[in-house]
Amino acid sequence: MELLKAQPADALLALIKLYAADERPTKIDLGVGVYRTADGATPVFKAIKAAEARLLDGQDSKSYLGPEGDMGFVRAIMPWMLGDFDPAGRIDGLQTPGGTGAVRLAADLLLKAGVKRIWMGTPSWPNHVQIFNAVGLASETFRHLDVATQKLDFTSLEAALDKADAGDAVLLHGCCHNPTGADYSEQQWQQIAETVAAKRLFPLIDLAYHGLGHGFEADGYGLRTVLAQVPEALIAYSCDKNFGLYRERVGALYVMTESAEQQPAIQSNLAALARANWSMPPDHGAAAVRIVLEDEGLTKIWLDELDSMRERMRSVRDTLASYQSIGSVNLAAVGQQNGLFSVLQLTPDQIAALRADWGVYMAGSGRINIAGFTEANIPHFIEGLRAVTA
1 MELLKAQPAD ALLALIKLYA ADERPTKIDL GVGVYRTADG ATPVFKAIKA AEARLLDGQD
61 SKSYLGPEGD MGFVRAIMPW MLGDFDPAGR IDGLQTPGGT GAVRLAADLL LKAGVKRIWM
121 GTPSWPNHVQ IFNAVGLASE TFRHLDVATQ KLDFTSLEAA LDKADAGDAV LLHGCCHNPT
181 GADYSEQQWQ QIAETVAAKR LFPLIDLAYH GLGHGFEADG YGLRTVLAQV PEALIAYSCD
241 KNFGLYRERV GALYVMTESA EQQPAIQSNL AALARANWSM PPDHGAAAVR IVLEDEGLTK
301 IWLDELDSMR ERMRSVRDTL ASYQSIGSVN LAAVGQQNGL FSVLQLTPDQ IAALRADWGV
361 YMAGSGRINI AGFTEANIPH FIEGLRAVTA
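Per full-length UniProt numbering, the sequence shown starts with residue 1, numbered consecutively.
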């Protein structure tokens, strides 16, 4: 044990404590990656509350389900994820502890299948590279977004895929890119799918914010476009955001194989890896999602709630974009991006000044949580931004 060295504290967790200790009524939390209402709350969905009530009344056992978890939940997600794409029995999956568990299990499976290297755009969710490193997958990077110009760097992606070897994996954010909010266009997804198929690369598509960009159909376009052209793929799916089940850790990993006959072998490997990682996933949140998706009335309530979340975030983005640019910060681009996050071109000193002088709390990378804004606090943020960039 004496060989172990203390690890640096998680920067976002430290930010939470700083924000909580700040007594200024004008403080703004743009750091924590959860959806917030205009009142600053992160409520339990009404549809989930109703499903949980049914669980309380009707669940007659807490016995083990097995490493695959609630397969009713796993299968209930698939129509929403796949839309009109028909995999002809080539896709199946299992439940995981959140989208993080799905990415970890995907990395384990890739390594076991002989994949040694995965390509990923930066900036990305910080846990991506940590997970790949932890299992021993070598990661190669390309620039996803030029933060200074707020332009998606598709040329960098093309160059990376050109350098990739057959059998390499590539990580793709399905929609609402974390942390930049910059998504590929339909034409770019077509090009990605063609290149990945031609190069015989293995796509791992992380779909953590499905439905929070432009709706389920539009947000699933990239995923379905890639699946239509490749023989094999992995999909890491999270319900933490689109069902508001953050602390319940609700996710799934899906695998598409070249033929339906390969599925039993894949499922046996997934179950063995899951058993070694966490034995069995937590059941409660997944069971609630399954109940919502099995009930037409609850599904409608859930979709209405998602619509209101999407509309609020779009309204915030439009308001920020109306300021165009302030100093080096291109706010106009924020209006073209999707989901919870964007990254602003700010220096560490400017970010520190916003926190110290204006009570604006954001990640050190310049990532902001769009849902932390309200119509009331945006003017205060803009005033602070003008001051620190002058």
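For each residue, glycine too, the CB sits at the ideal point set by N, CA and C.
Only a predicted model underlies this, so the values are computations on that prediction, with no experimental measurement involved.
Could you check what DSSP says for L320 in three-state terms: helix, strand or coil?
helix
Member of A236, L293, E232 and K17 whose CA lies at the smallest distance from the CA of Q263:
E232
Once you ignore the five residues that flank L298 on each side, which residues in its own chain have a CB closer than 8 Å to its CB?
A47, A50, A51, I291 and V292
Between the C-alpha atoms of E294 and A76, what's the straight-line distance to the nearest angstrom?
8 Å
If you measure between the beta carbons of Y35 and K27, is that distance less than 8 Å?
no
According to DSSP, is A9 helix, strand or coil?
coil
Please return the same chain residues whose Cβ sits closer than 6 Å to the Cβ of F216, not counting the five positions on each side in sequence.
W80
For Q95, which of helix, strand or coil comes out of DSSP?
strand
Using C-beta distances below 7 Å, list every residue in its chain close to R275, excluding the 5 sequence neighbours before and after it, in chain order.
P67
Which residues in the same chain as V329 place their Cβ atom closer than 8 Å to its Cβ, once the five residues preceding and following it in sequence are excluded?
L344, Q345, L346, L385 and T389
Endpoints, the alpha helix (DSSP H) within which M71 is located:
M71 to L82
Using 10 angstroms around the beta-carbon of D318, count the other beta-carbons present and answer buried if the total reaches 16, otherwise exposed.
exposed
Kindly confirm or deny that the segment 114–128 and the segment 241–259 touch, where touching means at least three C-beta pairs closer than 8 Å.
no
Are the Cβ atoms of E140 and A166 separated by less than 8 Å?
no
Under a three-way DSSP split, which group does M313 fall into?
helix
Supposed close pair G372, R24 - CB separation, criterion 8 Å
The Cβ separation is near 15 Å, so there is no contact.
Of the listed residues F132, A287, A193 and D60, nearest to G72 (C-alpha basis)
A287
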